[in-house]
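Reading through the structure tokens given below for one structure.
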Amino acid sequence: MSKSKPSRINAADVVVGIFFLVLGPVLVYSSLQMRVYGSFLDAPGFFPMILGIIFTIMGGILLNTAVKRNGLKELKEVIRNKEIVKGLRSDTTTRALVLIALMAVYIFGLIGRVHFTIATFLYLVVTMLYLKATSVVNIVLISIGTAIAISYAFSNFFRIPLP
Amino acid sequence: MLETITREFSLFSHVFGSILTAPNILMMIFGTLGGIVIGAIPGLTATMALALLINVSYGMNMDLALSFLLSVYVGAVTGGCISATMINIPGTPSAAATALDGFPLAKKGKGGLAIGVGIIASFFGMIISIISLIVLTPIISKLALKFGHWEMFLISVFGIMICGNLTTEDAPVKGWIVGFLGILTAMVGLDAVYAYPRFTFNLLQLKGGISLIPALIGLFGISEVVSVLQEKEPYKIEGKVGRVVPDWKDIKSLIPISIRSGIIGMLIGVIPGAGEDIGAWVSYDVGKRRSKHPERFGKGSIEGVACAETANNAVVGGAMIPLLTLAIPGSPPAAMVLAAMWLHGVRPGPLLNFEFPGFLYAVAIVLLLCSVFMLIWGLALAKPMVSVLKIKREILMPIIVPLTVIGAYAGGVRIFDVYVMFFFGLLGYVLRNLEYPMAPLVLGIILGPMADVSFRRAMMQTKGSLLPLLTRPMGLVFVVAIIWIIYSGYRRTQQLKRLASEVASEA
Chain A
13 MSKSKPSRIN
23 AADVVVGIFF
33 LVLGPVLVYS
43 SLQMRVYGSF
53 LDAPGFFPMI
63 LGIIFTIMGG
73 ILLNTAVKRN
83 GLKELKEVIR
93 NKEIVKGLRS
103 DTTTRALVLI
113 ALMAVYIFGL
123 IGRVHFTIAT
133 FLYLVVTMLY
143 LKATSVVNIV
153 LISIGTAIAI
163 SYAFSNFFRI
173 PLP
Chain B
24 MLETITREFS
34 LFSHVFGSIL
44 TAPNILMMIF
54 GTLGGIVIGA
64 IPGLTATMAL
74 ALLINVSYGM
84 NMDLALSFLL
94 SVYVGAVTGG
104 CISATMINIP
114 GTPSAAATAL
124 DGFPLAKKGK
134 GGLAIGVGII
144 ASFFGMIISI
154 ISLIVLTPII
164 SKLALKFGHW
174 EMFLISVFGI
184 MICGNLTTED
194 APVKGWIVGF
204 LGILTAMVGL
214 DAVYAYPRFT
224 FNLLQLKGGI
234 SLIPALIGLF
244 GISEVVSVLQ
254 EKEPYKIEGK
264 VGRVVPDWKD
274 IKSLIPISIR
284 SGIIGMLIGV
294 IPGAGEDIGA
304 WVSYDVGKRR
314 SKHPERFGKG
324 SIEGVACAET
334 ANNAVVGGAM
344 IPLLTLAIPG
354 SPPAAMVLAA
364 MWLHGVRPGP
374 LLNFEFPGFL
384 YAVAIVLLLC
394 SVFMLIWGLA
404 LAKPMVSVLK
414 IKREILMPII
424 VPLTVIGAYA
434 GGVRIFDVYV
444 MFFFGLLGYV
454 LRNLEYPMAP
464 LVLGIILGPM
474 ADVSFRRAMM
484 QTKGSLLPLL
494 TRPMGLVFVV
504 AIIWIIYSGY
514 RRTQQLKRLA
524 SEVASEA
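Taken in sequence, the protein lines are chains A and B.
For the first sequence, the working numbering begins at 13 and goes up steadily by one.
For the second sequence, the working numbering begins at 24 and goes up steadily by one.
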């Protein structure tokens, strides 16, 4: 997954190839379950069915290419050496996961429940503190200023509704 | 003939007058400046900026919105050369080739000169692409009027295939897969013919389909924020900026290079979804092979900077050609411009000139004025702009997130769109890390509805037989082109495989 380990891309391609090999037939099946009005040629499921066939073919090609580039060997090494667990513990991945989690809390937990300005302030403070962006006082001041400026500019100047 | 010229000139003058208003000019002046700043800051790309700004333009009239978005687009593509030169990190992907020579020049204390040459070359690129836009758009529009459902379907597939081919480094199949994944995304919601719900999983919110703008904001906003912030390494500004404006002799020597690079960039821009970065790389490669001093490329060649910078800006005008004639964006930022046009009720395509006479001229005039403002701002502010690079990304990037939320929410005033944006942000992040390109995905989302309806209607016309469709000359050209793309993709994969096995055996 990580860019620092480009050799593992083939292993990832094996997984993605298998995913599309499974997705393709599932798509074909679900397309065939869709209602046919007049002719199947203009039925809602016709085009998704073709997409399903394309995904199956391309998934196969991707898998084949990845296997020929030692993808299976790499995948075995990834599993054997517990590289996924090690990767999850790496600095870069941890940082990315924490940032995604903070965004998720902001979007699913705060937006729509708390006033937008307060939600934004909380998100910015916590994220910048985690990133150690600058001193605590500066972080608080920047977050307050930004949250108020964004809310004011979009609701009054651009006349855009805020969530 | 004379009557046509008179009519077109009168239309041009009318459009010129309507564009030349104080709010539009002010918008272009500040939009270009904003664009250059955005482009200069690593992590803030032209595509991301446009995705965030589409909904901001909602309350504006079309001319003002066009001035706003195109000025940011032009500025951002140009601004990338500042950070590429001074810190060896392209502000936008389109400036990656610029860094190869810009940064060595900065190390020698000639960073300002590299930026100056880059900005003048960008201006040349813009002018060449604007001329091409005015000349080629009516011709392609006339040709596109002859396209039936079959041709429209094929052009969608062609766009995705060629985009997938050009945007992946190793296996083109990865680009094609994400392109078709984009088409599948466009299938979600009520189908366009019978209003039958497809892949909605009984969710009411999905019946309206996946909204384009939240998906774009997620793909280019959220994923970029996470990708940039996960890295800890701070930027280091190299050397002094030095003199910015090059000598007249240097400028004169750039003209032939710029004409060649401008044409290359414009042609790459016409290819669906290819984008500014590919234009710059192709032009750089051609420039190196045609140069009298290829050995200087990569070590601080002014020629190298000019090749890359002319071409990436020439893509801007080139990308507008398929956008205006076929509603197919030539680059990811152009996809944002297309979304904005749809938002404002403008339907680009072969009928654009009938439905919105003078719209082509409006785009060309705005691009021309933005190019002039970009040249002035760029040369005047190159030195102070370097201080923008000192802003810490740990402060700047989190601020993008609330903007993505507002951008996603504003279009439909639905919190669900914010969730869609977040989902696509995660998808974009995963795709980036697995080295899948995002341009084909965007193109797929945009072209999906057209591909679906056109294919089904073409099949109905021929009662399911492919043979009558293969007798259509334009269709046949596209079929041959698609087969050629698949073949060239296959050949490239085989070559890379051979190369990999040779390297492995040598090791």
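Just so it is clear, CB atoms sit at the ideal spot from N, CA and C, and this is done for glycine as well.
Beta-bridge partners of residue i, as assigned by DSSP
i              : result
L366 (chain B) : Paired residue(s): none; L366 (chain B) is not in a bridge.
G212 (chain B) : B:R221
Within-8 Å CB hit, residue i to chain A
i              : result
Y217 (chain B) : yes
K378 (chain B) : Here residue 378 (chain B) is Glu; the residue named in the question, Lys, does not match the sequence. No, because no Cβ of chain A sits closer than 8 Å to the Cβ of E378 (chain B).
V411 (chain B) : no
P161 (chain B) : no
R479 (chain B) : yes
A523 (chain B) : yes
H37 (chain B)  : no
F445 (chain B) : yes
Chain B within 8 Å of residue i, Cβ atoms only
i              : result
T139 (chain A) : yes
G99 (chain A)  : no
T132 (chain A) : yes
K80 (chain A)  : yes
G36 (chain A)  : no
A23 (chain A)  : no
M13 (chain A)  : Confidence in M13 (chain A) is poor, its pLDDT being 39 and thus under 50, which makes the residue's placement unreliable; the coordinate value appears in the next sentence. Cβ-Cβ to chain B under 8 Å: yes for M13 (chain A).
T68 (chain A)  : no
G83 (chain A)  : no
G124 (chain A) : yes
V26 (chain A)  : no
A41 (chain A)  : What sits at residue 41 (chain A) in the sequence shown is Tyr, not Ala. Chain B contact via Cβ: absent.
A108 (chain A) : yes
I73 (chain A)  : yes
L174 (chain A) : yes
S16 (chain A)  : Note that S16 (chain A) scores 43 on pLDDT, short of 50, meaning its location in the model is unreliable and no value can be drawn from it.
S51 (chain A)  : yes
DSSP three-state assignment for residue i, whether helix, strand or coil
i              : result
V126 (chain A) : strand
L25 (chain B)  : helix
L374 (chain B) : coil
P220 (chain B) : strand
R283 (chain B) : helix
D440 (chain B) : helix
N84 (chain B)  : coil
D124 (chain B) : helix
A55 (chain A)  : coil
F382 (chain B) : helix
V502 (chain B) : helix
V248 (chain B) : helix
T105 (chain A) : helix
V97 (chain B)  : helix
F170 (chain B) : coil
A131 (chain A) : helix
F320 (chain B) : coil
I267 (chain B) : In the sequence on display, residue 267 (chain B) carries Val and not Ile. V267 (chain B): coil per DSSP, three-state reduction.
Q518 (chain B) : helix
Exposed unless 16 or more other CB atoms sit within 10 angstroms - verdict on residue i
i              : result
P18 (chain A)  : Bear in mind that the predicted position of P18 (chain A) carries a pLDDT of just 46, short of 50, making it unreliable; the figure below should be weighed with that in mind. It is exposed - the Cβ of P18 (chain A) has fewer than 16 other Cβ atoms within 10 Å.
T191 (chain B) : buried
R20 (chain A)  : buried
W400 (chain B) : buried
S80 (chain B)  : buried
H37 (chain B)  : exposed
W271 (chain B) : exposed
P237 (chain B) : buried
K311 (chain B) : buried
W507 (chain B) : exposed
Limits of the alpha helix (DSSP H) - the one that residue i falls within
i              : result
Q484 (chain B) : 462-484
K88 (chain A)  : 83-92
V338 (chain B) : 325-349
T146 (chain A) : It is not in any alpha helix (DSSP H) - T146 (chain A) carries neither H nor E in the DSSP assignment.
F32 (chain A)  : 21-44
F307 (chain B) : Reading off the sequence, residue 307 (chain B) comes out as Tyr, not Phe. Segment 299-313, the alpha helix (DSSP H) holding Y307 (chain B).
Y432 (chain B) : 416-435
A194 (chain B) : Segment: none, A194 (chain B) is in no alpha helix (DSSP H) and carries neither H nor E.
V60 (chain B)  : 45-63
L533 (chain B) : The requested residue 533 (chain B) is not part of the displayed model; chain B covers only 24 to 530.
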